[in-house]
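J.:
There are 2 protein chains.
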Amino acid sequence: MENNNLLMIPGPTPVPEKVLLAQTKHPIGHRSPEFSEIIGEINENLKWLHQTQQEVLTVTASGTGAMEAGIINFLSAGDRVIVASNGKFGERWADLAEAFGIKTDRVNITWGEVIDPEIIREKLEADTNKEIKAVIVTHSETSTGVLNDLETINRHVKNHGEALIIVDAVTSLGAVNLPIDEWGLDVVASGSQKGYMIPPGLGFIAVSEKAWQAYETSTLPKFYFDLGPYRKSATKNSTPFTPPINLMFGLQTALRMMREEGLENIFARHERNTRATREAVQALGLPLFAPDHAASRAVTAVAPTTVDPEKVRSVMKKQFDISLAGGQNELKGKIFRIGHLGFISERDVLTVISALEAVLAELGHESMKPGAGVAAATRVFAEL
Amino acid sequence: MENNNLLMIPGPTPVPEKVLLAQTKHPIGHRSPEFSEIIGEINENLKWLHQTQQEVLTVTASGTGAMEAGIINFLSAGDRVIVASNGKFGERWADLAEAFGIKTDRVNITWGEVIDPEIIREKLEADTNKEIKAVIVTHSETSTGVLNDLETINRHVKNHGEALIIVDAVTSLGAVNLPIDEWGLDVVASGSQKGYMIPPGLGFIAVSEKAWQAYETSTLPKFYFDLGPYRKSATKNSTPFTPPINLMFGLQTALRMMREEGLENIFARHERNTRATREAVQALGLPLFAPDHAASRAVTAVAPTTVDPEKVRSVMKKQFDISLAGGQNELKGKIFRIGHLGFISERDVLTVISALEAVLAELGHESMKPGAGVAAATRVFAEL
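Each protein sequence line maps, in turn, to chains A and B. For the first sequence, this note's numbering begins at 508 and goes up steadily by one. For the second sequence, this note's numbering begins at 508 and goes up steadily by one.
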């Protein structure tokens with residue numbers, strides 16, 4: 508059966524029909540008063556979503572572009588930074604910083620484990636000369652399904668006093684509470700094809716006053732990603748370069764839907780779907796890759812030993828047309844990942860779990876009591 | 508009457524219904540075989556459109572992002588370049604190059620005039636030490652409606668032997684013949700919301716073998732716009748970062764439409780629409796801003812003296828819901844611009860000209876014979 512895909516990967520995520528349709532409008536001029544009004548509404552709603560009073564800047568780029576902007580605007584070549592890495596994206600930000608001549612102290616934790624905030628604390632406390640200019644952290648590590656303890660890491664950064672905290676919130680923003688102003692996060696980057704419920708193509712960067720001060724002395728070369736002009740334009744409900752008009756139409760609609768649902772409800776839905784997925788996977792006798800206390804709300808990584816994760820994915824796709832993600836880099840063939848980020852309902856979770864039961868039966872996974880997955884998920888939905 | 512806008516600015520340009528609808532498909536995984544197939548088809552068609560055998564690389568960014576990639580991948584800080592500038596975009600590329608520490612020799616020609624290839628020739632011939640690493644040229648200067656003589660400038664660059672030619676083809680690609688391989692152009696950058704007939708959000712960069720050699724020694728820092736990984740991914744029908752899936756669905760459809768129409772026909776249509784617009788404007792007693800021999804096929808700039816160009820635009824918008832572009836920077840209030848790039852038909856040109864007659868009558872422009880504009884356009888359509 509064609510045209511019936513259920514997309515349960517950690518991005519791109521499913522897009523509501525309303526948002527898809529909003530994108531079909533004929534483009535209008537990006538310098539027109541009508542479009543300016545749309546930018547104004549979007550910017551207000553982005554502040555609401557980011558729980559910040561600062562401007563949230565929108566760039567036409569993927570999440571990596573947003574992170575690049577979040578790094579190169581506030582640092583200079585030769586600056587020392589700590590990059591806490593426990594997965595593919597942590598490594599990417601270290602590579603990115605090094606490409607720009609930033610001296611990178613990589614705190615490499617085994618993929619799938621949680622970053623121990625103590626390691627960061629020790630490094631920051633040892634830096635009595637205040638040479639560390641930033642700590643770069645991936646909040647939700649998409650490659651492993653681990654949610655790092657950003658709140659504690661940030662507290663240590665605040666005690667250091669000098670360093671900025673630069674956060675990859677690509678798969679955490681809009682999924683888990685991230686009170687930017689309350690915590691005093693300096694730079695928070697994210698991408699549209701995640702919690703925002705729209706297709707890829709837009710990146711977002713929230714910037715604190717402290718980070719804007721660092722911007723003044725940053726000497727890394729930049730033009731397209733120079734956030735100064737974006738800030739200036741944002742105050743005039745404009746953009747320095749042509750924005751992706753039709754994606755912005757979609758964003759406008761998606762943000763309205765999010766406000767309608769409410770932040771608390773969105774976070775609670777992600778919490779419920781995460782817990783249900785995890786309980787169900789365990790009830791089916793499959794090991795979870797990330798520990799309970801650090802479970803990403805975007806994606807659950809499963810590390811089966813009795814069945815080949817790639818076979819789980821291929822049978823799931825072929826028989827039920829459900830797309831799951833595989834392992835990346837060193838985790839290829841070792842895990843599969845169930846995305847439950849953005850426009851994912853409890854119904855979708857029950858669907859993927861019941862299909863997983865069928866796939867596991869088909870693949871001869873024996874330590875499973877049929878129905879146990881759906882029963883566990885149902886229990887979570889009843890309780891939470 | 509709502510929802511009835513006719514968009515005649517030089518980008519974003521109108522998008523065919525088919526393309527708008529293609530964008531409404533549910534996103535699929537960007538690492539799936541289905542999407543890989545789409546990338547493969549797109550890349551083949553991009554080569555066709557660019558008249559090149561080289562890979563054409565696609566970045567998620569506006570046209571400025573594509574130009575940044577086209578500059579920073581092939582040069583280093585301290586390199587000398589010539590930037591030929593006769594409008595807003597020429598100036599932007601000089602600013603961009605300087606932001607990256609490139610030594611910029613700005614050849615500034617009065618806005619609205621054509622770049623004299625002789626100036627470039629003299630500078631290149633004087634450079635006997637072969638210190639000039641690139642000549643950066645805006646083919647169709649969107650801000651003034653001037654089409655620069657790229658073929659001649661390129662011949663001088665070829666005679667120099669060392670310098671690369673880097674071309675802003677944002678509003679010329681898909682509008683006027685640009686045989687990249689035949690001319691041996693090194694870097695050609697463009698953007699989706701122009702001749703491609705899709706919304707903004709994608710940038711394209713065609714890169715010659717000679718430019719790839721320069722890439723090897725370029726030391727400018729880059730990550731998101733590092734074209735090396737894009738090239739590697741392109742050969743595997745993939746992308747280094749998440750592409751804007753839904754815009755790619757649109758691009759796939761638009762490129763099919765372009766192949767169906769055929770390059771010759773597309774160029775001929777732009778030529779006819781340009782000539783018809785220009786003849787009509789002159790027949791209405793309004794001065795053209797760009798000379799005939801250098802008329803952009805994307806946009807016609809009009810410099811009225813008897814009426815206020817901003818009033819022309821506002822009455823046009825209010826009474827007929829046709830969007831025209833105004834002058835930018837120093838040309839603000841001095842010109843208005845009629846876009847005829849991409850998905851613009853002869854019918855659209857007749858529409859805007861007849862509406863222009865009505866607007867001019869309303870504004871008391873006296874040196875006009877009613878009907879003369881439409882008659883002139885009709886004559887062009889009958890002849891060409």
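Where a beta carbon is used, it is the ideal one built from N, C-alpha and C, also for glycine.
#1: Compare the Cα-Cα distances from G833 (chain A) to each of A:S647, A:G518, A:A783 and A:L556 and report the closest residue.
#2: May I have a chain-ordered list of the beta strand (DSSP E) segments no shorter than 3 residues that lie completely inside the region 777-861 of chain B?
#3: What span of residues does the beta strand (DSSP E) with L671 (chain A) cover, start to end?
#4: Output yes if chain B places a C-beta closer than 7 Å to the C-beta of G572 (chain A); else output no.
#5: Find the residues of chain B that neighbour P706 (chain A), judging by a C-beta separation of less than 7 Å, and give them in chain order.
#6: Using DSSP with H/G/I as helix, E/B as strand and the rest coil, what is N552 (chain B)?
#7: For S569 (chain A), return the contacting residues in chain B, with the cut-off set at a CB-CB distance below 7 Å.
#8: The alpha helix (DSSP H) spanning L564 (chain B) covers which residue range?
#9: Counting beta carbon pairs with one atom in the region 711-720 of chain A and one in the region 534-547 of chain B, are three or more of them shorter than 8 Å?
#10: List, in chain order, every chain B residue whose beta-carbon is nearer than 8 Å to that of L516 (chain A).
#11: Using DSSP bridges, identify the partner residues of D460 (chain A).
#12: Taking a contact to mean a Cβ-Cβ separation below 7 Å, would you say G702 (chain A) touches T651 (chain A) in this structure?
#13: Grouping DSSP H, G and I as helix and E and B as strand, with all else coil, what is M574 (chain A)?
#14: Looking at C-alpha atoms only, which residue of B:D623, B:N593 and B:E575 is the closest neighbour of I609 (chain B)?
#15: For I516 (chain B), name the three-state secondary structure that DSSP assigns.
#16: Could you tell me whether the Cβ of P811 (chain B) comes closer than 7 Å to any Cβ of chain A?
#17: Could you compute how far the alpha carbon of K841 (chain A) sits from the alpha carbon of P794 (chain A)?
#18: Contact between the region 690-701 of chain A and the region 558-578 of chain A: three or more CB pairs below 8 Å?
#19: Whose C-beta lies closer than 8 Å to the C-beta of F596 (chain A) among residues of the same chain, with five residues either side of it excluded?
#20: Taking the Cβ atom as the reference point for each residue, do I851 (chain B) and L831 (chain B) lie within a distance shorter than 7 Å?
#21: Which residue wins for smallest C-alpha separation from R613 (chain B), given the options B:L727, B:V588 and B:D634?
#22: Counting only C-beta atoms, is F711 (chain A) closer than 7 Å to chain B at any point?
#23: Return the CA-CA distance between L680 (chain B) and Y731 (chain B), expressed in angstroms with no decimal places.
#24: Rounded to the nearest angstrom, what separates V866 (chain A) and T812 (chain A) at their Cα positions?
#25: Indicate the three-state DSSP secondary structure (helix, strand or coil) for G702 (chain A) in the structure shown.
#26: Taking beta-carbon pairs under 7 Å, can you tell me which members of the region 820-841 of chain A lie near chain B?
#27: Please report the residue range of the alpha helix (DSSP H) in which K717 (chain B) lies.
#28: In angstroms, rounded to a whole number, what distance separates the CA positions of E768 (chain B) and F774 (chain B)?
#29: Considering only residues of the region 603-672 of chain B, which uninterrupted beta strand (DSSP E) runs meet the minimum length of 3 residues and lie entirely inside it, listed in chain order?
#30: Taking DSSP as the reference, what is the three-state secondary structure of L528 (chain A)?
#31: For chain A, find out if any of its Cβ atoms is closer than 7 Å to the Cβ of L603 (chain B); answer yes or no.
#32: Have a look at P747 (chain B) and K818 (chain B) and give me their C-alpha separation to the nearest angstrom.
#33: Taking the beta carbon of Q826 (chain B) as the centre, do at least 16 other beta carbons fall within 10 Å, making it buried, or is it exposed?
#34: With a threshold of 7 Å between beta-carbons, can T531 (chain A) be considered close to chain B, or not?
#35: Return the first residue and the last residue of the alpha helix (DSSP H) that Q558 (chain A) is part of.
#36: Exposed or buried, which one is Q561 (chain B) when buried takes at least 16 other CB atoms within 10 Å?
T.: With the given structure in hand:
#1: Here residue 833 (chain A) corresponds to residue number 326 of the first sequence, with the count starting at 1. Per the Cα distances, A:G518.
#2: 806-809, 829-833 and 843-846
#3: To locate residue 671 (chain A), count along the first sequence from 1; it is residue 164. Start and end: L671 to D675.
#4: In the first sequence, the residue the question calls residue 572 (chain A) occupies position 65. By this cut-off, G572 (chain A) is an interface position.
#5: By one-based count along the first sequence, residue 706 (chain A) stands at place 199. Per Cβ cutoff of 7 Å: P534, P751, I752 and N753.
#6: Position 45 of the second sequence, counted from the start, is the residue given in the question as residue 552 (chain B). Helix at N552 (chain B).
#7: For the purposes of this step, residue 569 (chain A) is identified with residue 62 of the first sequence, where counting begins at 1. Going along chain B in sequence order, the residues near S569 (chain A) (Cβ under 7 Å) are T567, F748 and T749.
#8: By one-based count along the second sequence, residue 564 (chain B) stands at place 57. Segment V563 to T567 is the beta strand (DSSP E) holding L564 (chain B); no alpha helix (DSSP H) there.
#9: no
#10: Here residue 516 (chain A) corresponds to residue number 9 of the first sequence, with the count starting at 1. Note on residue identity: the sequence assigns Ile, not Leu, to residue 516 (chain A). Under the 8 Å cutoff, chain B gives G536.
#11: No answer is possible for residue 460 (chain A): the residues shown for chain A start at 508 and end at 891.
#12: For the purposes of this step, residue 702 (chain A) is taken as residue 195 along the first sequence, with counting starting at 1. For the purposes of this step, residue 651 (chain A) is taken as residue 144 along the first sequence, with counting starting at 1. Contact flag unset, no.
#13: Position 67 of the first sequence holds residue 574 (chain A). It is helical.
#14: Taking the second sequence and counting its residues from 1, the one referred to as residue 609 (chain B) is at position 102. Of B:D623, B:N593 and B:E575, the residue nearest in Cα terms is B:E575.
#15: Walking along the second sequence from the start, residue 516 (chain B) turns up at place 9. Looking at I516 (chain B) - three-state DSSP - the assignment turns out to be coil, as it is neither helix nor strand.
#16: Taking the first residue of the second sequence as position 1, residue 811 (chain B) is located at position 304. Cβ-Cβ to chain A under 7 Å: no for P811 (chain B).
#17: Position 334 of the first sequence, counted from the first residue, corresponds to residue 841 (chain A). Position 287 of the first sequence, counted from the first residue, corresponds to residue 794 (chain A). One C-alpha to the other measures close to 11 Å.
#18: yes
#19: Within the first sequence, numbered from 1, the residue matching residue 596 (chain A) stands at position 89. Result list for F596 (chain A): T645, E648, T649, S650, D675 and V677, in chain order.
#20: In the second sequence, counting from the first residue as 1, residue 851 (chain B) sits at position 344. In the second sequence, counting from the first residue as 1, residue 831 (chain B) sits at position 324. Going by C-beta atoms, I851 (chain B) is not nearer than 7 Å to L831 (chain B).
#21: Translated into the one-based positions of the second sequence, residue 613 (chain B) becomes position 106. Measuring from the Cα of R613 (chain B), the nearest candidate turns out to be B:V588.
#22: In the first sequence, the residue the question calls residue 711 (chain A) occupies position 204. Output row for F711 (chain A): interface = no.
#23: For this step, residue 680 (chain B) is matched to residue 173 along the second sequence. For this step, residue 731 (chain B) is matched to residue 224 along the second sequence. Rounded to the nearest angstrom, the two C-alpha atoms are 24 Å apart.
#24: For the purposes of this step, residue 866 (chain A) is taken as the residue at position 359 of the first sequence. For the purposes of this step, residue 812 (chain A) is taken as the residue at position 305 of the first sequence. If you take the alpha carbons of V866 (chain A) and T812 (chain A), they lie about 15 Å apart.
#25: Here residue 702 (chain A) refers to the residue found at position 195 when the first sequence is read from its first residue. Note: G702 (chain A) maps to coil in three-state DSSP.
#26: S830
#27: Start at 1 with the first residue of the second sequence, and residue 717 (chain B) comes out as number 210. Unbroken alpha helix (DSSP H) run through K717 (chain B): E716 to T724.
#28: Here residue 768 (chain B) is taken as the residue at index 261 of the second sequence, counted from 1. Here residue 774 (chain B) is taken as the residue at index 267 of the second sequence, counted from 1. About 10 Å.
#29: 610-615 and 639-645
#30: Along the first sequence, one-based indexing puts residue 528 (chain A) at 21. If DSSP states are grouped into helix, strand and coil, L528 (chain A) belongs with the helices.
#31: Counted from its first residue, the second sequence places residue 603 (chain B) at position 96. For L603 (chain B), the answer is yes, since a Cβ of chain A falls inside 7 Å of its Cβ.
#32: Numbered from its first residue, the second sequence carries residue 747 (chain B) at position 240. Numbered from its first residue, the second sequence carries residue 818 (chain B) at position 311. Distance between the alpha carbons of P747 (chain B) and K818 (chain B): 47 Å.
#33: Taking the second sequence and counting its residues from 1, one reaches residue 826 (chain B) at position 319. Per the 10 Å Cβ criterion, exposed.
#34: Taking the first sequence and counting its residues from 1, one reaches residue 531 (chain A) at position 24. Judged by the 7 Å Cβ criterion, T531 (chain A) is in contact with chain B.
#35: Along the first sequence, read from residue 1 onward, the residue named residue 558 (chain A) stands at position 51. Neither: Q558 (chain A) is in no alpha helix (DSSP H) and is coded neither H nor E.
#36: In the second sequence, the residue the question calls residue 561 (chain B) occupies position 54. With 16 or more Cβ atoms within 10 Å of its Cβ, Q561 (chain B) is classed as buried.
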